[in-house]
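Below is one structure, written out as structure tokens; comments come after it.
Residue numbers (this note's numbering): 162 to 371.
Structure follows, in structure tokens:
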């Protein structure tokens, strides 16, 4: 971290390098104020971290600090890991109500399946694709003991989701969410009624002109 704005400050440190007489592996002594796995100080890392915590892009932080992109990325990864670990510590108990849905993430052509805890609003799992095989991965990656207290799962009208939940969570009730029920009703029922009415008016108009 520079003492004066725009003035780079480098520290020249002398430290020892050792070679193990048994395995010939070389290693260096630790520098107390060096940020782990980088060549910058803890103070510089804290300075960079203050930018990243305000969601400033890595490219912008690189221009401001002059530090290599990979180093900044490493610090960002550490921030994310700490945030995830802290969030996990705060999560108490097992989920009771889940929601399963898919969303498009690339111009409507690629989809992702998302599993959410409805009580806390936390996203439990995200996987690419929306097929039965894609959703099956969720039950392979998640500890089933973690899902042992699930009471209900909200899903859309996807039959493959229904089958997998019944197979892997037989104790949970399946609830079709109202939005998709109304959307399906509008498509299958109201849409058919509209077509029938339009056909009747068209036939009536044709008979009147004959």
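Idealized CB from N, CA, C, for every residue including glycine.
Asked, Found
"For residue 336 and residue 237, what's the separation of their Cα atoms in angstroms?", "39 Å"
"Work out the CA separation of residue 312 and residue 347 for me, nearest whole Å.", "29 Å"
"At the level of alpha carbons, what is the spacing between residue 186 and residue 176?", "17 Å"
"Candidates 362, 165, 242: which alpha carbon is nearest residue 214's?", "242"
"Please list, in chain order, all residues of the same chain as residue 285 whose beta carbon is under 8 Å from its beta carbon, the five residues on each side excluded.", "256, 259, 276, 277, 278, 303"
"So residue 293 and residue 325 are in contact, right, with Cβ under 8 Å, and what is the actual spacing, rounded?", "6 Å"
"Using a 10 Å radius around the Cβ and a threshold of 16 neighbouring Cβ atoms, would you call residue 291 buried or exposed?", "buried"
"Terminal residues of the continuous alpha helix (DSSP H) containing residue 187?", "Taken as a continuous stretch (DSSP letters only), residue 187 belongs to no alpha helix (DSSP H), being part of the beta strand (DSSP E) at 187–189."
"For the beta strand (DSSP E) holding residue 297, just list the boundary residues, first then last.", "No beta strand (DSSP E) holds residue 297; the alpha helix (DSSP H) holding it covers 293–302."
"Does the Cβ of residue 353 have 16 or more other Cβ atoms within 10 Å, making it buried, or fewer, making it exposed?", "exposed"
"Just to confirm the assignment: which complete alpha helix (DSSP H) runs, minimum length 4, are found wholly within the region 322–367?", "339–346"
"Pick out the complete alpha helix (DSSP H) segments inside the region 219–285, 4 residues or longer, and give them in chain order.", "219–226, 230–251"
"With DSSP as the reference, please indicate the residues paired to residue 316 in a beta bridge.", "337"
"When you compare the CB positions of residue 274 and residue 300, do they come within less than 9 Å of one another, or not?", "no"
"One question on the structure: do residue 349 and residue 262 come within less than 9 Å of each other, judged by their Cβ atoms?", "no"
"Candidates 173, 194, 189: which alpha carbon is nearest residue 179's?", "189"
"Please state whether DSSP places residue 307 in a helix, a strand or coil.", "helix"
"So residue 212 and residue 228 are supposed to be a Cβ contact under 8 Å. How far apart are they, rounded?", "Residue 212 to residue 228, Cβ: 10 Å. No contact."
"So residue 210 and residue 240 are supposed to be a Cβ contact under 8 Å. How far apart are they, rounded?", "6 Å"
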